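Mapping of the sequence shown onto this note's numbering: residues 134 to 268, in sequence order.
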Amino acid sequence: SSGSGDSGSKELNIYTWTYFIPQEIIDNFQKETGIKVNLSYYDNNDVMLAKLMSGAKGFDIVSPSTDYVDVLRKSGLIEKLDKKKLGETFNNLDKDGLKLEELSKIYDPGLDYSIPYAYFATGIAVNKKFMKDYP
């Protein structure tokens, strides 16, 4: 692919987190569509941003953390989605009622530049044996 949304391409170039997309998903996608998937990896958002800002091209999909979607958008490093081409895929994003458009308001109002793939939470556990003053 040219990395510019060329729908005639038989290759899909994805720039994503290491180990983020299970190989089974890639294999099934390639089998069902006949489209070859080329994966490039990064291990943190700063590496991804530096590569894109240095002029790296050819990626059809990049999967930044939500806080970097706005940075990429304002830097002109990602294109606005053509939701018409996504059809029912876009309409079915929130079939589980997670209120994705509400959650995305802080980084991509209207989900014009990104599609939520996964949401994660970070938890902190405290062992009061070692932190006696912790409330």
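From the three backbone atoms N, C-alpha and C, an ideal C-beta is built for every residue, glycine too. Just so it is clear, the structure is predicted and the values come from calculations on it, not from any experiment.
According to DSSP, simplified to helix, strand and coil, what is residue i?
i	result
VAL180	helix
GLU144	strand
ASN171	strand
THR222	helix
ILE158	helix
THR166	helix
Start and end of the alpha helix (DSSP H) containing residue i?
i	result
VAL202	199 to 207
Let me check understanding here. Comparing Cα to Cα, which of the options lies closest to residue i?
i	options	result
LYS194	ILE211, PHE223, ARG206	Inspection of the sequence shows that residue 194 is occupied by Ile rather than by Lys. Looking at the Cα atoms, ILE211 is the closest of the given residues.
LEU219	ILE248, ASP229, ASN178, ALA183	ILE248
ALA258	PRO268, TYR250, ALA251	PRO268
With DSSP as the reference, identify every bridge partner of residue i, one or two as the case may be.
i	result
ILE194	ILE147
Inset, instruction - Mind listing, in chain order, the continuous alpha helix (DSSP H) runs of no fewer than 4 residues lying wholly within the segment 227 to 253? - result: 233 to 236
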